[in-house]
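Below is one structure; the comments refer to it alone.
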Amino acid sequence: MKILTVNAGSSSLKFSLFEMPEEKVIASGLFEKIGLNDSFYTIKYNGEKITKEYDLKDHSIAVNKLMSELIELGIINSLDEIEGVGHRILHGAQEFSEPTVLSEEIVKEISKYNELGPLHNPANLMGASSFIKALPNVINVGVFDTAFHQTMEEKEYLYPVPYEWYELYGIRKYGFHGTSHKYISKVMSEALGPDIKIISCHIGNGGSLCAIKNGKVVDTTMGFTPLAGIMMGSRSGDIDPSIIPFIMKKLNKSADEIITMLNKNSGLLGISGISSDSRDVESGALNGDPRCILAEEMYAQKIANYIAVYNNLLDGADAIVLTAGVGENSKTMRKMIIDRIHSLGVYIDDKLNDFRGEFRKISTDDSKILVYVVPTNEELMIALDTYNIIVGDKN
Ligand code: ADP
């Protein structure tokens, strides 16, 4: 069965076509600069890659072009071969705690929550609508970044602020990267058994940690928005909220402008003054740049601190998992993080740690908590969720 996964952004549309249940990627690609002058797309299949310029006025033109290219390139013979489309949707709030079959009506329901994810949700839903129109007989499934975290209990997801803020305005921790953490939870339960306590550390450009017990989320570091938690590539993570009105006055900027600076000019970029990409900051640190060294130390320490907090919350974790761009690829950052939790009796073997991008246990035999590197795969998780709904529907 062929299943398409889609991640639609405001000016982009990323897709993968899977053969399921084999979990094989048949084709993948990206439509870029949708709605802009110099739009183009790239499709990878069969070891080949094509790039074409094309006037992509809006998402539905990109979707129609994708459909016609899949046929013209001989990747599929007819559109009927696609049995499901899984859409990444950032925010499902409390209402959408499971992958959900989408219709125009449901898309409208979800759009109620656009104000909770204003940068992503409208684009995610526009992508979903385009596919519902282009493939009316195919099951479209929404897979929400917030869904996996909906098992958190009130005592974890509430902020200690007036309770009415939650009741009237939905002010609570929602958590993000849920699809990645769910995938990590699935892979680790296949490796170690279902009754495990893990700390999943998704450390990419964005970053979040998630405490998971027996496949259910206990707590996660991102909050009402993805700005909370650990220090990230260009996001601050947790800060004292009183800084916001103070710096607004000093810089004569609006709250929205300061929030944008906390999202885009902070984190590794803010401290290093060089880049949000940990490769640049790592090489700056290697060359002795004091601000890069400081940025790296702060980054590692904040992650280590949350690992210790979650180890306590889980009453002793069985495994720590490092994943996403930095977690999968940077042996330097992995070591810096684990060096900061030796008080938990956690150690990694430098030889085992000397690699990138594959599933591997890197802890020493006497480490009190196992440490794994696991490549995440959000597209596959979306394909699996979509497949399971279709198979469930057929039964
Ligand atoms: P996103 O949050 O955008 O999905 P990714 O998980 O793809 O991010 O991670 C991207 C980040 O991973 C890059 O910004 C870079 O900091 C980091 N990264 C990728 N490769 C390496 C590497 N070899 N060494 C260190 N960091 C890396």
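Using the working numbering, read the sequence shown as starting at 682 and increasing by one per residue. Yeah, the Cβ is synthetic: ideal placement off N, Cα and C, and Gly gets one too.
query, result
"Straight-line gap, K714 to R916 (C-alpha atoms, nearest Å)", "24 Å"
"Where the alpha helix (DSSP H) through H862 begins and ends", "G859 to L873"
"Three-state class that DSSP yields for I928 in the structure shown", "helix"
"Beta-bridge pairing of C882 - partner residues as DSSP gives them", "L890 and L1003"
"DSSP-derived helix/strand/coil call for T901", "strand"
"Residues passing the C-beta test against the ligand ADP heavy atoms, cut-off 5 Å", "G885, N886, G887, D958, S959, R960, A1005, G1006, V1007, N1010 and S1011"
"Close-in-space but distant-in-sequence residues of the same chain around A981 (CB under 7 Å, 5 per side omitted)", "M1014, M1017, I1018 and R1021"
"Touch test, the region 747-764 against the region 715-726, Cβ-Cβ under 8 Å, three pairs minimum", "yes"
"Nearest residue (CA-CA) to L760, options L771, E978, I770 and K746", "K746"
"Proximal residues to S1024 (C-beta, below 8 Å), its chain only, five neighbours per side dropped", "A989"
"Neighbour flag for V1007 against chain D, beta carbons, 8 Å", "The displayed structure is made up of one protein chain only, and chain D is not part of it."
"Length of the line joining the Cα atoms of V1072 and M979", "46 Å"
"Same chain, Cβ closer than 8 Å to M682, five either side skipped, listed in chain order", "E700, M701, P702, E764, G765, Y1068 and I1071"
"Alpha-carbon spacing of D999 relative to L839, whole angstroms", "26 Å"
"Reference E729, options K738, A708 and N933, closest by Cα", "A708"
"Through-space distance from D919 to V842, alpha-carbon basis", "16 Å"
"Boundaries (first-last residue) of the beta strand (DSSP E) holding T906", "Premise fails: T906 is in no beta strand (DSSP E) and is neither H nor E."
"Spatially closest choice to D1047 from D1030, S964 and P1056, by CA coordinates", "D1030"
"Neighbourhood of H883 by C-beta distance below 6 Å, restricted to the same chain and skipping five residues each side", "H858, S861, S889, T1004 and A1005"
"R1041 (DSSP reduced to helix, strand or coil)", "strand"
"Beta-carbon proximity list for G939, same chain, < 8 Å, skipping 5 on both sides", "First, the amino acid is wrong: residue 939 is Ile here, not Gly. These residues qualify, in order along the chain: I925, I928, M929 and L932."
"Classification of K878 by the beta-carbon crowding that lies within 10 angstroms, buried from 16 upward", "buried"
"N- and C-terminal bounds of the beta strand (DSSP E) containing F825", "I820 to F825"
"Contact under 8 Å by Cβ, V1007 with Y1053", "no"
"Sequence-distant residues of the same chain with beta carbon closer than 7 Å to N1034, five excluded per side", "K1012, R1015, K1016 and I1043"
"Through-space distance from L800 to S953, alpha-carbon basis", "26 Å"
"Among A985, T686, E963 and Q775, the one whose alpha carbon lies nearest that of E977", "E963"
"Limits of the unbroken alpha helix (DSSP H) element including K1016", "K1012 to D1020"
"DSSP three-state assignment for V962, whether helix, strand or coil", "helix"
"Alpha carbon of R769 to alpha carbon of S691, nearest angstrom", "13 Å"
"Three-way DSSP call (helix, strand, coil) for F1036 in this model", "coil"
"Closest residue to S741 among G808, S866, V868 and D958 (Cα-Cα distance)", "G808"
"Proximity to E835 [Cα-Cα], best of H772, Y991, E848 and L711", "E848"
"Whole-Å CB distance - F829 paired with V898, under 8 Å assumed", "6 Å"
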